[in-house]
Structure formats: C-alpha cells, structure tokens
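Peer 1: Questions regarding the structure given below will be posed in turn.
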Amino acid sequence: MPTETYPGYYNQLPEISKFVASVARKAGAERSDIYELQLAVDEAFTNIIEHGYGGEGKGEIVCICEVVDNRFRIILRDWGKAFSPEDIPTPDFNVPLEELKIRG
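Going by this note's numbering, the sequence shown runs without a break in its numbering and finishes at 105.
Laid out in structure tokens, this is it:
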C-alpha cells in the first residue's frame, strides 16, 4: 500500500496531489475520478493544517492509498486536535439565509 509522509505546509498540496493521482492512475482510475480524489485530498489536507494543527509547520500528515474491494481508499493520518462532527450544533433551518453563519 503506497504511503507518503508530508510536512504540514500548504506548499505540499501539489506534492500530495501528484502522489494521489499517480497511485490512482496505476489502480486504473479514470481522469474525472482522479480529479475528484485530488479535490477531496486537497480539502482534507488543508483542514488538517488549519483546524487540526492550528497552522502550518506544526506536524506531519501521512497519506496512505489502497484498493479495497475494488474501491480506491485514501487515508490521511495526523496527530492534530481531534474533530468530532457530533460537537457541531445542528443548524436552525428556520433562520433566513441572510442570517445564517457561513462555515467553511
């Protein structure tokens, strides 16, 4: 299972993107699927740096790519602050759009 470790800097985004594309291509993924994988990894990598580590240069991110049951799986492992979706309050869908707080 191909694995690479990256320092937690935004300038590593092109490197991890190339790695994911290369492994996915070798696994037989189509171009449109590779693009979507790269987009997802870009978002996750950025979130780890921003929210998990609280900024650049505070930790490493390990990228593991594998094919399981004919599916391509990417695991990003970090040692930053944990995130639990259950800790996010459910939005109030009765609030007008203009008053909603925008989250990234």
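For glycine and all other residues, C-beta sits at the position ideal for the given N, C-alpha and C.
Could you give the distance in angstroms between the alpha-carbon of residue 23 and the alpha-carbon of residue 12?
Peer 2: The sequence position of residue 23 within the sequence shown is 22, counting from 1. The sequence position of residue 12 within the sequence shown is 11, counting from 1. Computed Cα separation, rounded: 19 Å.
Peer 1: Is residue 89 helix, strand or coil by DSSP?
Peer 2: Position 88 of the sequence shown holds residue 89. Coil, per DSSP.
Peer 1: For the putative contact between residue 75 and residue 46, defined by C-beta atoms under 8 Å, what is the C-beta separation to the nearest angstrom?
Peer 2: As a first step, residue 75 must be located in the sequence shown, where it is residue number 74. As a first step, residue 46 must be located in the sequence shown, where it is residue number 45. Not a contact, Cβ separation roughly 10 Å.
Peer 1: Closer than 8 Å is the cut-off here; do at least three beta carbon pairs connect the stretch 79–88 with the stretch 53–64?
Peer 2: Output reads yes: the stretch 53–64 touches the stretch 79–88.
Peer 1: Should residue 63 be labelled buried (16 or more other beta-carbon atoms within 10 Å of its own) or exposed?
Peer 2: Position 62 of the sequence shown holds residue 63. Burial call: exposed.
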